[in-house]
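What follows is a short report on a single structure.
Number of protein chains: 4
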Amino acid sequence: MDAEGKQGCREWLRRVIFQSDTRAGQAYDIVLLVVIALSVLTVMLESVEEISGPRRGLFTVLEWVFTGLFTLEYAVRLAVVDRPGRYAGSFLGVIDLVSILPAWLELVLPGSRFLTVIRVLRLMRMFRVLRMAQYLGEASLLLNALGASRRKILIFFTAVLTLVLVEGTAVYVLENGENPGFRNIPQAIYWAIVTITTVGYGDVAPVTVGGKIMASFIMLTGFAIIAVPTGIVTSEIGRELQRTRVRRRCGQCGWEDHDVRARYCHQCGIGLE
Amino acid sequence: MDAEGKQGCREWLRRVIFQSDTRAGQAYDIVLLVVIALSVLTVMLESVEEISGPRRGLFTVLEWVFTGLFTLEYAVRLAVVDRPGRYAGSFLGVIDLVSILPAWLELVLPGSRFLTVIRVLRLMRMFRVLRMAQYLGEASLLLNALGASRRKILIFFTAVLTLVLVEGTAVYVLENGENPGFRNIPQAIYWAIVTITTVGYGDVAPVTVGGKIMASFIMLTGFAIIAVPTGIVTSEIGRELQRTRVRRRCGQCGWEDHDVRARYCHQCGIGLE
Amino acid sequence: MDAEGKQGCREWLRRVIFQSDTRAGQAYDIVLLVVIALSVLTVMLESVEEISGPRRGLFTVLEWVFTGLFTLEYAVRLAVVDRPGRYAGSFLGVIDLVSILPAWLELVLPGSRFLTVIRVLRLMRMFRVLRMAQYLGEASLLLNALGASRRKILIFFTAVLTLVLVEGTAVYVLENGENPGFRNIPQAIYWAIVTITTVGYGDVAPVTVGGKIMASFIMLTGFAIIAVPTGIVTSEIGRELQRTRVRRRCGQCGWEDHDVRARYCHQCGIGLE
Amino acid sequence: MDAEGKQGCREWLRRVIFQSDTRAGQAYDIVLLVVIALSVLTVMLESVEEISGPRRGLFTVLEWVFTGLFTLEYAVRLAVVDRPGRYAGSFLGVIDLVSILPAWLELVLPGSRFLTVIRVLRLMRMFRVLRMAQYLGEASLLLNALGASRRKILIFFTAVLTLVLVEGTAVYVLENGENPGFRNIPQAIYWAIVTITTVGYGDVAPVTVGGKIMASFIMLTGFAIIAVPTGIVTSEIGRELQRTRVRRRCGQCGWEDHDVRARYCHQCGIGLE
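Residue numbers (my numbering), protein chains in the order written: chain X, 1 to 273; chain F, 274 to 546; chain U, 547 to 819; chain E, 820 to 1092.
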């Protein structure tokens, strides 16, 4: 094989692996998704003693087959892409790397192999196979809305953590000694988080009258508090939706607020281009 | 009875059963709703040993009476409707069919008779009896809003499932061996779903310090996450409400969806009165 | 006392009891609120064995003193108001009546006296004492928003009840026999309601693999479902807020969408009256 | 040191402690935040018997070191500020004071030292170190939104408390005698709060059929109710966002809050450029 053929082969591999505009590229993406899903399923089943116990050997083999495949694929990706450094540092590149690391780490640190479940993140390539553009548009709208609210959400979480710390300690002072679930402040904070998020396992619950009154107060507070992040995100999503709505400007009167489907300006009746 | 009389009788039956614009049609709808409600109640009471135990025979008879009635009704519907295939394939037609299937299936597969509770879906005919138009309008607004958000909600659920898988496995690695509730990854994922949706049964709860810290993190994440679907649905309902609010109809082209402040139809450029 | 004096006295009593625009009327309202609060507190404390046990007599006396007072007050209200029938049928009139009924019912039906706690509803008169107008405005905004959403909420609850019935039965079929918490369908429906509302007591929880998978599905559904009423109410409150926002119309150009504080039309610069 | 030098030194201290526009001021703020975080961590670890048990002496020393530092700092703040009374009465001044009180109170009232965790509130100074302006803008938007909804939220909480009282008593009447968790009305109210906020510990749960039906009703009510505060806060945040979105400043009168489409200042009628 001469240099040109090698270059052509590399180019072809690059298109198949990185893009999905060819038949082979689409087939590759789908096969990859299936293999990823199978590897995640394998990790999950391996953790079920009843299933993996009698066939430990099979699971070990499967694990190494998947790890081998993904390691090979990562190497090929690095080899065929034009700027390997940029791919390795990209979001998907980092995910591809962390998907194979835990299995190799297992050689040194037993028990870490279950973390290979992180391979599930590679399933995000799925959106490439689906009619990508539309989904990416919707996803970026959601991410934009979350991004626009990040400072508000940070403030909100600071407030929640402060509240949880103060309220947890208050209930600790009330329950300490009477309730094994409130043996120390970190445990009381754990309880306060379980309560304020309305999860409420019930593994820890106040038993004294004072503790119950305090807890009632915390629950009602949490009730109002859950409204805040919802309010923030809803408002930002509404704003994003509005921003993406078309703002067609009339050439004559300059009115900008037209329906997407409008053909005539509704203020001066002139045709919109 | 001659052919014409038969045809007339069929036509009369069709109006009574399928429409509610006649006295008889309305009476039929109401009787049907009562019978459906009674049949669902029968299934529910049959499952209560204290009630059905001493009168097993009665319940068997009732069950077959209802099944007979509904099977007969389904047959008549098929017979009198103009295009039986279209009815059988329609939403309500499929519900009518699945309402009688479990009872017949019981002859082959014991235990499946309780699934006849699915008959409750037939109660949706209720909206026909109520001032239908208005309720259907409201229902379609809600369905439109959900439909418009379906892609965003799909993206959201993919993100939640990925999160639940990764977080569940992380807590599994931390709790495994110390906590019988985290014996394998599927159980840990079940726990993560119970936690992130803020249901929090408490049948499984972390016991190690690492597990509790990780759980606190998951709960606070869930707190922010619950805001996202609410934000999506709220924004879409708001949009739907706005879209339906202004219905100024153009006298020339009939286009109805104009801005409140519009002075000219934006489809044909004719002035709105 | 002559007829005119009697009439004047009746008029004076009517103003004191029914209105709060006089000194005496305000004092009366405040005393009434305190007495109502005390009577509710009495019922609550009476139920605490540790407190009421040693002083049963005192509580019986208190109970009859409060009942006597409220019965007398109800009689006076009926006597002095211009149209007794209209008061008796009004919202507050009905609450006044049901506040005294349980105590009298106790004579016939022991145990019903605790229902006198319903007197707490009379505390709603509180809003009369506070700067009434503003609070009533806000309250009516909330009630309007809920009223405008009532049909959507009815549809939503029908959908939730259907879902709960079908999902409860499905988990019953899976768990029945293995789990004492799913002994019959009504219990399974109770569990489904506890789950879909994200309350999650944990007194009943699925134990089989199939039940847990089904439960996970129900929880994730509930996650999306909780978004719907929030979306409805939020949109309606937003609409109400917008409706109550001032729409000052410019006399010259007719533009209507001005800020509350605007003094000049922002389209033609003419002063707004 | 002469009087002027003393004055200069006081001025320099004031700038370092109260402002963060100098190098030293910023360094001071950061050191202060670290010390506060360490002192909160110390209180939390002190409550963990396993950690503080063997080194009780160390924790006592640390506690007094921190208390000494904070007391000294409070005294210096009072000394260098221009109007000590105003600082002492300000929000941050009160927090600074309550951060040192519990430690001194400990001398009189053993056990109260854990309340020193309230020092965590001092971490709010953090927003001063971060790019303050932006965060304060966002925080004030959230506070404005909450402030604008305060009357609606008050009405809402009055309604919730009434509901919780009536529903708790109703379940008490049904469960009393059969369920140790419903021994008296205050306990039943605690359960109703746990339920309506969807926390659902499960430490108390209805066991009778009537109680379960009533509880189902309460849960479904709670489902609708959680929508109300969210709706209120979301609408107000949306309104705040809209208000802050358009900030076109009038060149003449300086009014900043104009509609996007405004062409004339609505305060002085002058054309906006």
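For glycine and all other residues, C-beta sits at the position ideal for the given N, C-alpha and C.
Here the structure is a predicted model, which is why all the values come from computation and not from measurement.
Asked	Found
Between the CA atoms of A549/U and D567/U - distance to the nearest angstrom	26 Å
Under the three-state DSSP convention, the category Y574/U falls into	helix
Reduced DSSP category for T197/X - H, G, I as helix; E, B as strand; rest coil	coil
Bounding residues of the alpha helix (DSSP H) (the contiguous stretch that carries V553/U)	Sequence check: residue 553/U is Gln here, not Val. Start and end: 549–564.
Three-state secondary structure (DSSP) of R629/U	coil
Interface residues of the region 1010–1036 of chain E facing chain X [CB-CB below 7 Å]	I1012, V1013, T1016, T1017, V1018, G1019, Y1020, G1021, D1022
Outcome for P229/X when other beta-carbon atoms lying within 10 angstroms are tallied against a minimum of 16	buried
Boundaries of the alpha helix (DSSP H) in which A761/U is found, first to last residue	755–771
Beta carbon proximity, T776/U to chain X, threshold 8 Å	yes
Proximity test, Cβ basis, 8 Å: T507/F and chain E	yes
CB contact check: M492/F to chain X, cutoff 8 Å	yes
Residue burial classification, W1010/E (beta-carbon count within 10 angstroms, cutoff 16)	buried
L415/F vs I309/F beta-carbon contact at 8 Å	no
Straight-line gap, L62/X to V76/X (C-alpha atoms, nearest Å)	21 Å
Chain E contacts made by the region 164–181 of chain X, where a contact means CB separation under 7 Å	L165, V166, T169, Y172, V173
Beta carbon proximity, A770/U to chain F, threshold 8 Å	yes
Closest residue to V1023/E among I1032/E, M1038/E, A1007/E, F1036/E (Cα-Cα distance)	A1007/E
Inter-residue spacing [alpha-carbon to alpha-carbon] between Y201/X and V1018/E	8 Å
Cβ pair count under 8 Å reaching 3, the region 711–728 of chain U against the region 1024–1032 of chain E	no
is_contact[A139/X, chain F] using C-beta, thresh 8 Å	yes
Within-8 Å CB hit, V316/F to chain U	yes
Beta-carbon separation (whole angstroms), V663/U vs V985/E, contact threshold 8 Å	7 Å
Three-way DSSP call (helix, strand, coil) for D567/U in this model	coil
Element boundaries [alpha helix (DSSP H), containing R423/F]	423–448
Cβ-Cβ separation, F114/X to V65/X (assumed contact under 8 Å), whole Å	Contact flag wrong, Cβ pair sits at about 17 Å.
Closest residue to V666/U among T988/E, E925/E, L926/E (Cα-Cα distance)	T988/E
Outcome for E513/F when other beta-carbon atoms lying within 10 angstroms are tallied against a minimum of 16	buried
Where the alpha helix (DSSP H) containing P375/F begins and where it ends	364–378
Alpha-carbon to alpha-carbon, T1040/E and G1029/E	17 Å
Nearest to Y445/F (by Cα), restricted to the options R83/X, G68/X, L58/X, V48/X	V48/X
Range covered by the alpha helix (DSSP H) that runs through E868/E	868–871
Short CB-CB distance (under 8 Å) between V1065/E and chain X	Because V1065/E carries a pLDDT of 47, less than 50, the predicted location of this residue cannot be relied on, and no value is offered for it.
Cβ-based burial, F343/F [other Cβ within 10 Å; buried from 16]	buried
I1015/E and I1032/E closer than 8 Å at C-beta	no
Distance between T340/F and G281/F (C-alpha atoms, nearest Å)	28 Å
Alpha carbon of A898/E to alpha carbon of E925/E, nearest angstrom	26 Å
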